Amino acid sequence: MVISPVHYIAVPLLAAFTIPLLSKYIHKELARIVPGIVLLYSVFVSIVLMMQVSEVGVISEKIAGWSAPWGINLMFTPFSGFLASLMSVVGFLIWLYSYNFKKIEQSQSQKYHILQMMMVTGAIGIVLTGDIFNLFVFMEITAITAYSLTSFYRERDGAEAGFKYLLIGSFASVMILLAVMILYTQLGTLNMAEIAQNAHLIPTPLRATILVLFLVGFGIEAEMFPLNGWAPDAYSQSPGPIGAAFAGIVVKAGVYALIRVIFTLFDIHGAYDFLIYGGLITMIIAETAAVAQTNLKRMLAYSSIGQMGFVLIAFGIGTKTAIIGALFLMFNHAVIKSLLFMSGSYLTYNSLNKKISALAGLGKKLPIVSLLFGLGAFAIVGLPPFSGFWSKLYVLTAAADQNMLLLIMAILAVSIIEIIYYFRVVSTLYYGKQEDEEIKVQKPSINAMVSMLILGATIIVVGVYPDIITHFLNNAADMLLDKASYIQAVLTQNIN
Amino acid sequence: MEDLGIKIIGALLTVILAFTVGMTYGGIVRKLTARVQNRRGPVIWQNFLDLLKLQSKKTNIAHGFMGHMAPVWIIISAGTVLMFIPILNGNLWFPNLTFHGDLIFLLYMMVFGSLGMALGAGQTGNPNSAIGVTRGLSQMVGFEIPFVLALVALMVQYKTTSIQDIMDIQAQTGTWMMFANPFAFLAALFASLGMFRYSPFDIVGAPAELASGPVSEFGGKYLGTMMSGGSIFAFIKLTLYVDLFMGGAGFGTGILATIMGLGILLLKTFSLYMVPVFYGWISPRYRTEQAIRYFWGWPTALGVIAVIWAIF
Amino acid sequence: MNSFFLILLILFAGAGLSFVLGKISSIISGTVAFLSIAAASALFFTQIEMGSFIEFSLGGIQLQWGLNSYGYLFGIIVLGLGTLASLYSISYMQNKERTSGFYFNFVLVIAGMTGIIFANDFISFFIFWEIMTWASYLIIIYSGKNVKKIGIKYMIFSAIGAYSMLTAIVMIKGQYDTFLISDAINAGAFNFIDNIYIPILLLIGFGVKAATMPLHVWAPGAYNNAPTSFTVIFSGAMSKMGVLGMGLVLGHMFTADRSGSLTNFFSGFSVIYLQQTIGWLGGITAVIATLYALIQDDAKKLLAYSSIAQLGYITVGLATGTKLGVMAALFLAVVHGIFKGALFMVVGAVERQAGTTDMTKISGLIRKMPFTFLTALISIIALAGIPPLGGFVGKWMLYEALITESNSYFLVIVIFFSSTAAFLYSYRFLFGLFLGQEEKETEQVKEAPITMIIPMLVLAILLVITGAFPGLIFSPIATAMEFIGFKDVTWNMSVLNNVWGNEMNLTYLGITIGVVFVSIFAFITLKGLKGTRYVGTKDISTSGEIPYENENLTFQINFFQPFVRAAAPMYKRSMNKIWNELGNGLEALFNFTRKIYTGNGQTYALFVVIFLVLMLLFKDTLFV
């Protein structure tokens, strides 16, 4: 069988429909196992395709034989492929972690795993698709699964958070759909490559309007300030691993869409500046808000928003080094934030409430989890020799190349704030005064531990030897910047 | 080899001279003070008699190693510093090593003795000793500031840090430093008040009280040794002042020249010595913080003026 | 395998191994740490050729590791002191908790510093710098005391420093397209004329570690809070990394050729301002730290403040930018490493044997811990700068440089004031721990174990040797100074010179002291001590009264009260307060931004709508 990008989408969709039947008629456990197998298969597909793509350049797949611009095509480029692989790996690790996450009741677990799998699938679809409407559809898949996972616990807070997310999220859907409609009326095509080719034909004011609609729509998904009100609640009320999935997968897809629109569809100079300023404001506000948080998961949520702001800044700078830095940041954020959410949810689960102060002294009871959390904290603030350092270095270097001294200062000032709140948590973990009440500690299960250890090891290995991934990043950045070859790759493929 | 012989004999002579002069000055001051206070007072050589008495005593108890070392330390420090002070300019019989050391070195070397004293006093365990030491050290921080300002002024004015050079310059130009940079001299003079620890700066030793001050636990041979060391130090300080500000003394190596030189040296040192003594007669005692404030006031201001004077 | 890799590999492996073995026994873990550091030092001093380097690429960045004479000088401090301190740690940490973490981070700090010394490019420099920083942070909070107050403060200030440095590094990359230190220097990155920001940012970065005003506020707490055997490294070697950086920047800045156009004439002035500013910052640091040192009741805290003061002298020396001044600074850096290391070891020994370092609780240990006292005495003499020990040589050169070469006459007074006031705390230290009344509580105290005594005595002996033959240290310093841009640095084994042609001969001093000492000492001591008996510290004359048994004769509280009263105005202002107020202000601001997220879905929706409307309104100006 030839491995193709379609497998990313087709296999999970097929599985999603068959799992209820399988679990009902064959074995209950299958509802939990099959998504894992599917995700593992996605990982396998990623590895195979990533190996191929470095030779071929672009792998493109027509769905149902219809060529672009009429049909929908999936583009596995070094850029989109990198993100798709990242998502599939993180998706699999999240499944591994939550395979028997204690808080999920048995009866609900089948839904949980299917939803999680579909969320990953949707996000991968966003990244791979070459069609703007198709992108909208995948975004809806992702969003709807995300809404339901946010309010998964069926509690008051969860429902509220889910509702907020739904409220803002549907707003985003409307914006994007509107933008797609206007685009179609103007150019008569939904294929992104063709849109990119002909974007200059649209009258300037209208083009700007479309861009604004896209920016707001995808900006909501990418957690840009002031569109990110939903995020802190969604992160903190959803089950722990879903926080990781938001950080590692959903937001990444949003950022991808934003970047694709700005870089490929509308190559407008002002949009880059918009990314820088938007990212900067997002980062500053989110990180300062994080300092004052008393709830661990909320703190992680704000931190996550801040990191996304940083990613946007990096993309906004727009040079190759900056793109490498931005992609490296996305990679790091996916790995490190997932680790933080995973270890953090064990920590909060074992504390009396979700407060940071209640974590006091858990360092002794959960030594490895605490150590991994500490590792994640060290990595995310960018201390060498962990992976977070390199991404920060690349972005700063790029900024310095453009002589953006104030931007550098602002980024680093925010990093100091980051250090404050992360180190506060770590020191509470290890040195806080323990409460008198004895808590029975829930040790993490083996699969969760393996999942976290893989992430932890990645942080260290990439930190010590970044060359492992810089090669991929390099190709990806080239691909993103080379708009012409993207267009060409899509449109020539139609001829044969 | 002959040269070395002369040097060793000269060095011994220097020590003997310093010791004798220092003790005698002490005796004179005791006498004079007594007369001022309308007492009869001891004989001038009373200090020698005291020393004889102290040294003939048998020492029975010791206050530990540092306590034992303290007097030794003072004598070592006194002897060493003495070697680096020019006694008579250009005189073969009073050689010194001043060519190989300088003002800053002397400043620090002079502390060496006080440190030994302080440590010895500390080990005795007598709280009064330690209190005396802290007062002494605090006061030192006070008077060193104007003193160092004066020294820096001299060094800057003549671009040298060597005492010998400063003496030579005075000999060549014929102008004493106290006239060449009067502010420096005044600042140093004020500092000398604290250095000699006469009233009003005598709270360190607190001579009026019975058992206070650093030396309170020392008796017999220890006290005798300390006294000798202290006398030598008094001579050192005086000679240093004379060398720096009053042109030094000395005319050559001949017998007559040596005697004349010594005579001049004695005259100058004695007149200088009388300044703190006189000042002491007419002043009540300062508390330590008052003393420090005193030194950080006008004397320091004078020192600053001296440095500015020297720069321009 | 290449020696550079091998040394770092040994150190990192040693760190990992001591972490794992620490679960079994603290002694094994400590021994492993000691052996790995000792092995690394042995390799460092024997296997690496001066000037050799290796190049490789990591993450697309060209890195270069090598050893130059400047790094070698600091390598002596780091690895020499590191070996002794790790030997010392074995006994010191014997009965403590979580020793595995301690040794892990201890070796990591050493590895970080070794890496800094090897780094020929800014990226590896920064990486190792950060490893050193966070590993030391973990040691500072190791005891679990004052974590929030001291640990976070340390980390914040370190981050401020590190990120200033990082900004400078990426700016160098941006302007000169190189990460190599030597290339950047040749291109003139440290030249104050072309670049004002890069040198200043770097100096801020290094100034934090060198605890220079106003970035010093982390230091007293951090030095005090770390386990004492690490404070040895912290104060003795780690602070010298800041000195290393400052020397590198300032050396190249001041020796750069400034002869040139008219514009350079004014730039020359600005360099002088910078020089004066740094010099005065160093001087004020020295004074303030000294003032605070002498009011401390805790011996360790006292030494912590004293360290800051000493680093102030070093900063002053570097800021002179003259041969003698920089030589003085580097000499002081080495000697400070030795004597402060020894002093912290003394404190650690007392802490281990007597259980506390609070001088109001212990005193009179001299007869119980004679070797410790001997070390303390020698080190204090060096610290106070009293001849004939090494500390004096450094101080002498510093004064001479300021007076004769850089015309900083009033700065000299400031330094002099600080070092005279240093006598006060020096005495306090010796008196507080070793002299004074022999307390009942400390009756059972015994001398420290041999593994602690040996490193202390080694350091004490080194102090004596460096006092008599400072040339032993001058020789590496001279080659090191040539590396940072000074030409024709001359030195003698034991004669010091200033530019006015005055000399200071330590040989004569040594002979004089020797002759006088031996004769008088022999005369008095042998005669005197025989036939005396030791009486306790209660057997004293308190104005003729005999103190009864339980009378409290201890004098430890408010030790320098009169001085503090006299100097009261100088104690009023505190940098710490200013920083704290700044912190509080920021926290209030952060609380405000937090409130943007109201938690109300309608508000969020409103935000989105407002944003959309605004964007649509300004779309034409934004996106053209």
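Residue numbers (this note's numbering), protein chains in the order written: chain H, 410 to 905; chain B, 70 to 381; chain Y, -9 to 614.
For each residue, glycine too, the CB sits at the ideal point set by N, CA and C.
The structure displayed is predicted, hence computed values, not measured ones.
DSSP three-state assignment for residue i, whether helix, strand or coil
i, result
"R356/B", "coil"
"V485/Y", "strand"
"D676/H", "coil"
"K430/Y", "coil"
"Q646/H", "helix"
"I186/Y", "coil"
"I904/H", "Note that I904/H scores a pLDDT of 45, beneath 50, so its modelled location is shaky; the value from the coordinates is reported in the next line. It is helical."
"A425/H", "helix"
"Y562/H", "coil"
"T633/Y", "Outside the modelled stretch of chain Y, which goes from -9 to 614, sits residue 633/Y, for which no answer is possible."
"E437/Y", "coil"
Beta-carbon proximity check, residue i vs residue j, cutoff 8 Å
i, j, result
"V337/Y", "G241/Y", "no"
"L448/H", "I412/H", "no"
"F832/H", "M446/Y", "no"
"K290/B", "K100/B", "no"
"G263/B", "F270/B", "yes"
"V448/Y", "L388/Y", "no"
"S219/Y", "Y82/Y", "yes"
"L771/H", "S760/H", "yes"
"F601/Y", "L636/H", "yes"
"G151/Y", "V99/Y", "no"
Classification of residue i by the beta-carbon crowding that lies within 10 angstroms, buried from 16 upward
i, result
"G299/B", "buried"
"Q192/B", "buried"
"V871/H", "buried"
"P776/H", "exposed"
"E464/H", "exposed"
"E87/Y", "exposed"
"I77/B", "exposed"
"Q226/B", "buried"
"M584/H", "buried"
CB contact check: residue i to chain Y, cutoff 8 Å
i, result
"T594/H", "no"
"V870/H", "no"
"M818/H", "yes"
"Y177/B", "yes"
"K706/H", "no"
"V589/H", "no"
"G785/H", "no"
"Y644/H", "no"
is_contact[residue i, chain B] using C-beta, thresh 8 Å
i, result
"M317/Y", "no"
"V525/Y", "yes"
"P377/Y", "yes"
"Q266/Y", "no"
Minimum Cβ-Cβ distance from residue i to chain H less than 8 Å
i, result
"K562/Y", "no"
"A23/Y", "no"
"N215/Y", "no"
- Message: Beta carbons nearer than 7 Å to chain C: which residues of the stretch 648 to 676 of chain H have them?
- Response: No chain C is part of this structure, whose protein chains are labelled H, B and Y.
- Kindly provide the ranges of any beta strand (DSSP E) runs that are 3 or more residues long and lie completely inside the stretch 4 to 37 of chain Y, ordered along the chain. none
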